[in-house]
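Peer 1: Chains as they are written, first to last, in our numbering: chain L, 32 to 427; chain W, 2 to 39. Even glycine gets a Cβ: it sits at the ideal position worked out from N, Cα and C. No experiment lies behind these values; they were computed from the predicted model shown. Here it is, the structure in full.
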């Protein structure tokens, strides 16, 4: 077992802004000048002492045990980039083969919750947070409802769901929020016309209108909040501005946080050829600024925060569980043969046995740019966005 | 005699503009379940 402490996993970032440097630590953000940095770009001893005294190097300890559960590995959509595709659909019918079918049952829920209890006790955590995942989790609505209902006896504090929202009814929204669900993350793949070419039903046809309709109705029927993941690829980036206009016109921006996500080449046969140019960095900045000005909640850039499931290879603070009770290090490998790292019944396999199967969120992704280019791009966009917030008096 | 000793200048230190418990968190670009620390 690894002996990492949680504070060993946080990493600060130092970004070059237009007029100053930005220090992003686990505990907050500071404005720095050249005088506060050494020749190699790290804080001077005096600057670091001050930042530490202000708590900027201190990350928060986990307050919950973070449990990600796939309630179904099936999906009613056929997106070509999906990391759960096992091949392509060359017939053009949007039905790429997927990982094996599994469905969460009552018996497995029992074993999952007992596993979580053991893990929580070992970590000294009394509260549980659940992420409902899939496939499409709402292909097993009963499993979602039963898991949340029974988790109440195990310290359930809050829950989120990642769903395509095509199967979300007002009644389900009411029942799920009554059991602790607070937020649903929904993905959009461009403006309406482009989205409907990418985020397609396996039975044929687009999904934009039904997603929006379901979100509006669910918002009327429940206190659900939304997180909008806006996928960015060579296939849709020119339509993102139009998408923002459509979303602002149909949803309640104040109930939606939003982020712009690069589509990694995780789908078999799929490749995102978009490259991280200076022009594209301007686009990312403009989207964030426009979204914020429309009233969406745009997360503020922050330090590198460890993922509670994949950053610790002993499941110390979180776990990803497939519908059949097998453990994976990450949502990306859940349900994939050869990537199992244990079961909820028996626990994690010995570290030596699973060391090559323990990956983190982005390990298996590939992009058109190398790591250095990716990091520089993200730093540039984040720095520019901090400059914008600062110039407009919006820090904090 | 007047005291001509100059006032000590304030140390030049980084300026904290926000603490982590202010404002929103930032999601992982994957599907990370990091709510526990938000």
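Going by Cα to Cα distance, which pick from L:122, L:384, L:55 is closest to residue 15 of chain W?
Peer 2: The option with the nearest alpha carbon to residue 15 of chain W is L:55.
Peer 1: Would you list, in chain order, the members of the stretch 241-256 of chain L that have their beta-carbon closer than 8 Å to a beta-carbon of chain W?
Peer 2: Those residues of the stretch 241-256 of chain L that come within reach of chain W (Cβ to Cβ, closer than 8 Å) do not exist; the list is empty.
Peer 1: Kindly indicate the opening and closing residues of the beta strand (DSSP E) around residue 349 of chain L.
Peer 2: It spans 349-352 - the beta strand (DSSP E) in which residue 349 of chain L sits, taken as one unbroken run.
Peer 1: Hey, how far is the Cα of residue 26 of chain W from the Cα of residue 192 of chain L?
Peer 2: Residue placement at residue 26 of chain W is flagged as unreliable, the pLDDT there being 36, under the threshold of 50; the coordinate-derived value follows with that caveat. Roughly 17 Å separates the two Cα atoms.
Peer 1: Tell me whether the beta-carbon of residue 271 of chain L lies closer than 8 Å to the beta-carbon of residue 261 of chain L.
Peer 2: In this structure, residue 261 of chain L lies closer than 8 Å to residue 271 of chain L by Cβ.
Peer 1: Taking the alpha-carbon positions, what's the residue 211 of chain L to residue 13 of chain W distance?
Peer 2: Each residue's alpha carbon lies about 48 Å from the other.
Peer 1: Using beta carbons (cut-off 8 Å, strictly below), is residue 63 of chain L in contact with chain W?
Peer 2: Yes, contact with chain W.
Peer 1: So residue 442 of chain L and residue 57 of chain L are supposed to be a Cβ contact under 8 Å. How far apart are they, rounded?
Peer 2: With chain L covering 32 to 427 only, the question about residue 442 of chain L has no answer from this structure.
Peer 1: Could you list the residues in the stretch 72-83 of chain L with a C-beta less than 8 Å from some C-beta on chain W, going in chain order?
Peer 2: Of all residues in the stretch 72-83 of chain L, 74, 77, 78, 81, 82 have a Cβ within less than 8 Å of some Cβ in chain W.
Peer 1: With a 10 Å radius around its C-beta and 16 neighbouring C-beta atoms as the bar for buried, classify residue 31 of chain W as buried or exposed.
Peer 2: Residue placement at residue 31 of chain W cannot be trusted, given a pLDDT of 48 that sits under 50; what the coordinates show is reported in the next sentence. Result: buried.
Peer 1: Output the residue ranges of the alpha helix (DSSP H) runs that lie fully inside the stretch 181-211 of chain L and measure 4 residues or longer, sorted by chain position.
Peer 2: List check, alpha helix (DSSP H) in window: 201-209.
Peer 1: If you draw a straight line from the alpha carbon of residue 421 of chain L to that of residue 60 of chain L, how long is it in whole angstroms?
Peer 2: Going from the Cα of residue 421 of chain L to the Cα of residue 60 of chain L covers about 12 Å.
Peer 1: Considering only the alpha carbon of each residue, which of L:50, L:40, L:42, L:129 lies closest to residue 419 of chain L?
Peer 2: Taking only the C-alpha atoms, the option nearest residue 419 of chain L is L:50.
Peer 1: Rounded to the nearest angstrom, what separates residue 17 of chain W and residue 62 of chain L at their Cα positions?
Peer 2: Straight-line Cα distance between these residues: approximately 6 Å.
Peer 1: At 3 residues or longer, what runs of the beta strand (DSSP E) sit wholly inside the stretch 75-147 of chain L?
Peer 2: Runs found: 96-101.
Peer 1: So residue 66 of chain L contacts chain W; which residues on that side make the cut at Cβ distance below 8 Å?
Peer 2: Those are 13, listed as they occur along chain W.
Peer 1: Taking Cβ positions, are residue 277 of chain L and residue 222 of chain L nearer each other than 8 Å?
Peer 2: In this structure, residue 222 of chain L lies closer than 8 Å to residue 277 of chain L by Cβ.
Peer 1: Would you call the stretch 316-336 of chain L in contact with the stretch 104-111 of chain L, where contact means no fewer than 3 C-beta pairs closer than 8 Å?
Peer 2: Contact between the stretch 316-336 of chain L and the stretch 104-111 of chain L is absent, because fewer than three Cβ pairs lie under 8 Å.
Peer 1: Taking the straight line between their C-alpha atoms, what separation do you get for residue 235 of chain L and residue 228 of chain L?
Peer 2: Each residue's Cα considered, the two are about 10 Å apart.
Peer 1: Going by DSSP in three states, residue 361 of chain L sits in which element: helix, strand or coil?
Peer 2: Coil at residue 361 of chain L, not helix or strand.
Peer 1: Roughly how many whole angstroms lie between the Cα atoms of residue 217 of chain L and residue 75 of chain L?
Peer 2: Cα to Cα, the separation comes out at about 43 Å.
Peer 1: Quick one: Cα of residue 405 of chain L to Cα of residue 231 of chain L, how far?
Peer 2: Residue 405 of chain L and residue 231 of chain L: Cα-Cα distance of roughly 29 Å.
Peer 1: Could you tell me whether the stretch 333-343 of chain L touches the stretch 129-136 of chain L, using the rule of 3 or more Cβ pairs below 8 Å?
Peer 2: Counting Cβ pairs under 8 Å, fewer than three are found: no touch.
Peer 1: Exposed or buried, residue 121 of chain L, counting other C-beta atoms within 10 Å across all chains shown (16 or more means buried)?
Peer 2: Exposed is the call here.
Peer 1: Can you check whether the CB of residue 250 of chain L is closer than 8 Å to the CB of residue 286 of chain L?
Peer 2: Cβ atoms of residue 286 of chain L and residue 250 of chain L: closer than 8 Å.
Peer 1: Would you mind sorting residue 384 of chain L into buried or exposed? The rule is 16 or more other CB atoms within 10 Å of its CB.
Peer 2: Burial call: exposed.
Peer 1: Any C-beta of chain W sitting closer than 8 Å to the C-beta of residue 101 of chain L?
Peer 2: No, residue 101 of chain L lies away from the interface with chain W (no Cβ there is under 8 Å from its Cβ).
Peer 1: Would you say residue 362 of chain L and residue 164 of chain L are within 8 Å of each other, going by their C-beta atoms?
Peer 2: Yes, the Cβ-Cβ distance between residue 362 of chain L and residue 164 of chain L is below 8 Å.
Peer 1: Since residue 144 of chain L contacts residue 188 of chain L with CB under 8 Å, what's their CB separation in whole angstroms?
Peer 2: Actually they do not touch by this definition, with Cβ atoms about 14 Å apart.
Peer 1: Go ahead and label residue 152 of chain L buried or exposed: buried means 16 or more other beta carbons lie within 10 angstroms of its beta carbon, across all protein chains shown.
Peer 2: Counting Cβ neighbours within 10 Å, residue 152 of chain L comes out exposed, since fewer than 16 surround it.
Peer 1: So which residues of chain A does residue 284 of chain L contact, with C-beta pairs closer than 7 Å?
Peer 2: The structure shown has no chain A; the protein chains it does contain are L and W.
Peer 1: Rank L:83, L:398, L:257, L:391 by C-alpha distance to the C-alpha of residue 294 of chain L and give the top, closest one.
Peer 2: It is L:398.
Peer 1: For residue 195 of chain L, collect the residues of the same chain with a Cβ closer than 6 Å to its Cβ; drop the 5 residues on either side in sequence, then sort them by chain order.
Peer 2: Within the same chain, residue 195 of chain L has close Cβ partners 108, 167.
Peer 1: I want to verify the contact list: residues of chain W whose CB lies under 8 Å from the CB of residue 287 of chain L, in sequence order.
Peer 2: Residues of chain W passing the Cβ test: none, with the nearest at roughly 12 Å.
Peer 1: Put residue 19 of chain W into one of helix, strand or coil per three-state DSSP.
Peer 2: Three-state result, residue 19 of chain W: strand.
Peer 1: Got a sec, what are the start and stop residues for the beta strand (DSSP E) residue 288 of chain L sits in?
Peer 2: Note, residue 288 of chain L: beta strand (DSSP E), 287-293.
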